[in-house]
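Colleague:
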Amino acid sequence: MRPNRKSSHIAARLSHVLTGLLVIAGLVAVARFLPRETAADVTGHARVIDGDSLHVGTYEIRLVGLDAPELSQECRQDGKSWPCGRNARDVLRTMTRDRQVSCRIDGYDRYGRALAKCRTGSIDINETLVREGWAVAYGDYDIAEARAAAEHKGIWRGEFDRPRDHRAGRGIYGWITGFDWPWK
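Letter by letter, the sequence shown follows residues 1105 to 1288 of my numbering.
1. How would you label Ile-1114, buried or exposed, when you count the other beta carbons within 10 angstroms and need 16 or more for buried?
2. Any contact of the stretch 1204–1212 with the stretch 1186–1195, i.e. 3+ C-beta pairs under 8 Å?
3. Give me the residue from Asp-1246, Asp-1265 and Gly-1183 with the minimum Cα distance to Leu-1170.
4. Alpha carbon to alpha carbon, how far is Ala-1241 from Gln-1204? Give it in angstroms, no decimals.
5. Which residues mark the beginning and the end of the alpha helix (DSSP H) in which Ile-1247 is found?
6. DSSP puts Lys-1221 in a beta bridge; with which residues?
7. Taking the alpha-carbon positions, what's the Asp-1145 to Cys-1207 distance?
8. Quick check on the burial criterion: 16 or more other C-beta atoms within 10 angstroms. Buried or exposed for His-1120?
9. Hey, quick one: how far does the beta strand (DSSP E) through Val-1168 stretch, first residue to last?
10. Please report how far the alpha carbon of His-1149 lies from the alpha carbon of Gly-1155, in whole angstroms.
11. The alpha helix (DSSP H) that contains Ala-1150, what's its start and end?
12. Assign Arg-1193 to one of two classes, buried (16 or more other C-beta atoms within 10 Å of its C-beta) or exposed (fewer than that).
13. Check whether the Cβ atoms of Trp-1238 and Val-1168 lie closer than 7 Å to each other.
14. Taking only three categories from DSSP, how would you classify Glu-1231?
15. Who are the Cβ neighbours of Val-1234 in its own chain at under 6 Å, not counting the five residues just before and after it?
16. Could you tell me the distance, in whole angstroms, from the CA atom of Leu-1126 to the CA atom of His-1256?
17. Assign Ala-1241 to one of three DSSP states: helix, strand, or coil.
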C-alpha cells in the first residue's frame, strides 16, 4: 500500500518546521550564554538608585565587590532603628553629585545591569563606600570592611543584617521565626 501523497507532503512540511524551530531554540540558548561585549569605560554624571546602584549614561550599573543595605533596610543602634539603606544611598549621592563618574565595566549580572568599579576623579567609589562603612565587602574590599568595622563607621556603629540576609528575609526576624518572608 502506497502512502498518501498529501499526508507525505504534510509530514515533510511539519518536519521542516520542527527542524527550523529547534535550530532557532538552539541559537537562542547559545546566545544566552555568550559573553556580552563590555564597554571599557563609561563616563558621565550619575543618577543614584540606591547605595550600590546608579545610572551613568544609558547604563544601569551595580557597583561590583560590595553590597550596600537595601533602600528600605533599617539598622539598629542603642536599641533604636535608623534608615541605613537611605543613608547609604545619600552617601553615594553626595560622592557623585556634580562630578563626572567614570566606570570600568567588568561584566553583567543576571538582571542585565553592568557590573563596574567606578571613580570620581581619584576617589575609588566602591572602596570608599566599604571603607566608610556604607557597604559590606562582597568578593573584594575585605581590608576596607575590617577597617570600617574596627572604627565603627557607618552601619558598623550598631547592629545590622547583611544586605543579602535582609533580601532573603533571613535577617534578625527571619532567624528568630525561621520564616523566609515571601515579599523580600
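For each residue, glycine too, the CB sits at the ideal point set by N, CA and C.
Just so we're clear, the structure is a prediction, and the values are computed from it rather than from any experiment.
Modeller: Let's see:
1. Counting of Cβ neighbours within 10 angstroms places Ile-1114 among the exposed residues, the total staying below 16.
2. Because the criterion of three Cβ pairs below 8 Å is not met, the stretch 1204–1212 and the stretch 1186–1195 do not touch.
3. Asp-1246
4. 24 Å
5. 1246–1254
6. According to DSSP, Lys-1221 bridges with Arg-1208.
7. It is roughly 6 Å from the alpha-carbon of Asp-1145 to the alpha-carbon of Cys-1207.
8. It is exposed - the Cβ of His-1120 has fewer than 16 other Cβ atoms within 10 Å.
9. Looking at the DSSP string, Val-1168 is not in any beta strand (DSSP E), and its letter there is neither H nor E.
10. Spanning the two alpha carbons is a distance of roughly 16 Å.
11. Boundaries around Ala-1150 are those of the beta strand (DSSP E), 1150–1154, since no alpha helix (DSSP H) includes it.
12. buried
13. no
14. helix
15. Leu-1170, Ala-1241, Tyr-1245, Ala-1248 and Glu-1249
16. Their Cα atoms are separated by approximately 58 Å.
17. strand
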